[in-house]
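Numbering (the numbering used here), first residue to last: 3 to 631.
Ideal Cβ placement from N, Cα and C applies to all residues, glycine included.
What follows is one structure encoded as structure tokens, with my remarks underneath.
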């Protein structure tokens with residue numbers, strides 16, 4: 003006997019927004035709901051769920067607005083379309099079937115978008131049509147008669163310009179009127195049970211409107227002649243990516259330093275306050291080294307994430323982002339990826355977490371998982387402190403031909419090794435998972451338009467909250483756990499070594515040294531790798547602690563002469579190779595677990611990255627020894 007499941011939904015009618023990608027649906031959703039939004043994932047899938055409330059007035063219940071994922075049809079070909087089809091049909095787990103559907107269509111592209119409207123009308127739900135982007139239609143010479151369209155479809159129609167805030171008041175009034183008397187909500191007329199005659203009906207509708215002939219956007223066509231040109235297109239994209247890449251690192255540095263300084267100041271103040279209250283040393287260490295250090299390690303990356311997502315949102319709203327994916331699709335297809343993987347991998351150079359979050363834009367489940375698996379191989383900013391320490395200690399400051407510095411060249415080689423490793427893994431996974439199938443990229447190239455600052459700002463706010471909520475709690479817990487491992491048990495009386503040597507983390511490090519000895523790592527390196535699981539940059543301060551050099555900003559300066567004298571060059575080169583492929587930090591693993599709703603993919607990621615790191619370090623160590631390093 004199967005147990006029944008009862009789902010309890012929030013009070014109030016539910017209105018669902020449905021439309022093709024890039025039709026302005028989310029912009030209209032933002033206008034209707036403002037900041038009264040919440041973002042989560044649908045049950046059992048990683049598709050983003052956006053719900054907001056529209057306030058109708060005092061004494062009136064709020065209207066729930068659901069922004070469904072963009073879909074081209076209700077015959078699903080992607081997780082997004084499957085969620086939309088399931089919600090409209092009442093099959094979505096834990097989701098109420100909408101009481102009314104607002105179909106948002108791009109007035110400049112009715113030929114394709116009206117097909118989705120007809121499919122929605124067959125669901126038996128009340129339907130309202132929001133004719134969006136009418137301003138762009140007028141610029142192209144398309145004069146659309148709203149009354150003719152309303153009579154032809156048999157449903158209420160409202161003209162809107164979501165990017166400028168036009169028309170949403172009329173839509174609100176229509177929804178409010180319908181809410182007052184739900185018995186008279188507009189009902190979609192009965193349609194044919196299948197879509198076999200949708201093309202004929204769409205053409206008939208376009209003829210009634212007098213817009214059956216295609217009206218291309220002259221400005222978009224002119225820009226695309228350059229943007230999509232075989233030569234100029236890749237050059238423009240490369241220049242743009244170079245600027246974004248530089249901005250992420252350059253613009254984020256001051257706020258990251260402010261956050262780190264604020265965290266350090268708060269830690270110092272907390273330590274003094276707790277000491278003044280007579281708190282035990284373990285509690286002071288828990289607050290400063292555990293809680294505050296864990297929080298700071300997460301928040302410090304927020305500026306990079308916001309800057310990166312600012313460019314992504316701006317490029318997406320402008321219409322350029324799909325064209326970048328189009329330009330790179332053929333090149334990336336050689337290793338089993340599509341052009342949609344480009345933005346997530348770009349994001350991973352700052353931090354793998356926003357890159358993994360950006361994989362939500364990839365509709366194909368296989369491509370999404372593969373992109374997640376290789377995102378950590380993009381050299382993130384957390385590796386730079388380790389690279390700077392080792393390169394400064396073991397690579398001489400030589401100037402090569404053309405004024406190229408040897409240290410800079412080594413850093414470039416490390417970045418290139420990560421990229422080549424990522425594409426190599428993708429190529430292997432392609433051979434193992436695609437079974438010879440041909441993967442095609444299908445996407446819309448929308449018209450160009452200026453991004454709306456309000457929508458970009460709201461998108462940044464949503465992603466900041468999502469990042470802190472989804473990752474912050476997990477990494478905070480894991481950081482505290484690692485603090486416990488590194489702090490207990492306390493060193494015995496008269497101990498001369500660093501306290502971490504006598505802790506559980508120190509014991510784990512000595513055990514790891516037996517495993518890592520073949521790649522040239524000593525016990526100090528092995529111990530430092532344990533807290534480095536929380537955040538890679540922690541390895542520098544951990545090494546300083548193990549060598550009893552103190553902590554803080556001078557750590558790298560103090561370490562360089564110590565390791566230069568105590569380590570062989572082969573060990574240093576092996577450690578560099580290790581960090582090119584090193585297993586990802588715990589915050590990234592937590593993000594992958596959140597996005598995949600399980601531990602199978604994070605476990606696979608850790609396993610293959612550890613294997614790659616070990617093999618690369620072993621080969622590097624042996625080759626360096628053979629060359630006398």
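Enumerate, from N- to C-terminal direction, the unbroken alpha helix (DSSP H) stretches of 4 or more residues contained entirely within the segment 88-175. 112-123, 136-141 and 148-155
Reference residue 56, options 112, 279, 91 and 171, closest by Cα: 171
With 8 Å set as the bound, which would you pick, yes or no: does the beta-carbon of residue 255 sit closer than that to a beta-carbon of chain B? Note that chain B does not occur in the displayed structure, where there is just one protein chain.
Could you spell out the range, first to last residue, of the beta strand (DSSP E) harbouring residue 17? Residue 17: member of the beta strand (DSSP E) spanning 16-21, first to last residue.
If we ignore side chains and look at the alpha-carbon of each, how far apart do residue 228 and residue 221 end up? 12 Å
Going by the beta-carbon positions, is the gap between residue 104 and residue 19 smaller than 8 Å? yes
Buried or exposed: which applies to residue 354, given that a residue is buried once 16 or more other Cβ atoms fall within 10 Å of its Cβ? buried
Complete alpha helix (DSSP H) runs within the segment 561-625 (minimum length 4 residues, chain order): 571-583 and 588-598
Which value, in whole angstroms, describes the spacing of the CA atoms of residue 569 and residue 582? Those two C-alpha atoms are separated by around 19 Å.
Skipping 5 residues on each side, what residues in its chain have a beta carbon closer than 6 Å to that of residue 618? 579 and 583
Inspect the CB distances between the segment 22-31 and the segment 112-128 and report whether three or more fall short of 8 Å. In this structure the segment 22-31 lies against the segment 112-128, because at least three pairs of beta carbons, one per stretch, are closer than 8 Å.
Whose CA, out of 127, 84 and 146, lies closest to the CA of residue 136? 146
Here's the rule: buried if 16 or more other CB atoms are within 10 angstroms of the residue's CB, otherwise exposed. What is residue 457? buried
Whole-number beta carbon distance between residue 593 and residue 359, since they are thought to touch under 8 Å: With a Cβ gap of about 7 Å, residue 359 and residue 593 count as contacting.
Contact set for residue 285: own chain, Cβ-Cβ below 8 Å, skip 5 residues either direction: 276
Is residue 67 helix, strand or coil by DSSP? Residue 67 falls in the strand class under three-state DSSP.
Using CA atoms only, rank isn't needed, just tell me which of 427, 142 and 563 is closest to residue 634. The chain is shown only over 3 to 631; residue 634 falls outside these bounds and no answer can be derived.
Any alpha helix (DSSP H) of 4 or more consecutive residues that is wholly inside the segment 239-323: 283-287, 295-301 and 304-320
Taking residue 154 and residue 210 to be in contact with their CB atoms under 8 Å, please state how far apart those CB atoms are, rounded to whole angstroms. 5 Å
Short check: CB of residue 294 to CB of residue 269, under 8 Å? yes
Residue environment, residue 517, which counts as buried when at least 16 other CB atoms sit within 10 Å: exposed
How many whole angstroms separate the CB atoms of residue 612 and residue 573, which I take to be in contact at a CB cut-off of 8 Å? With a Cβ gap of about 19 Å, residue 612 and residue 573 do not count as contacting.
If you draw a straight line from the alpha carbon of residue 614 to that of residue 487, how long is it in whole angstroms? Their backbone Cα atoms lie some 26 Å apart in a straight line.
By DSSP, does residue 54 sit in helix, in strand, or in coil? strand
Could you spell out the range, first to last residue, of the alpha helix (DSSP H) harbouring residue 349? 344-349
If you drop the 5 nearest sequence neighbours on each side, which residues of the same chain put their C-beta closer than 8 Å to that of residue 591? 604, 607 and 608
Using DSSP with H/G/I as helix, E/B as strand and the rest coil, what is residue 364? coil
Rounded to whole angstroms, what's the CA-CA distance from residue 21 to residue 200? Just pull it up for me. 17 Å
DSSP three-state label for residue 498, please. coil
Which residue comes first and which comes last in the alpha helix (DSSP H) that contains residue 449? Taken as a continuous stretch (DSSP letters only), residue 449 belongs to no alpha helix (DSSP H), as it is neither H nor E.
At least three beta-carbon pairs within less than 8 Å, the segment 500-508 to the segment 338-351: As far as the Cβ criterion goes, the segment 500-508 does not touch the segment 338-351, which means the pair count is below three.
Residue 454 (DSSP reduced to helix, strand or coil): coil
Is the separation between the beta-carbon of residue 17 and that of residue 100 shorter than 8 Å? yes
For residue 140, the nearest candidate out of 110, 131, 158 and 169 (CA to CA): 110
Continuous alpha helix (DSSP H) stretch holding residue 35: start and end: 27-35
Would you kindly work out how many angstroms separate the C-alpha atoms of residue 377 and residue 127, rounded to a whole number? 42 Å
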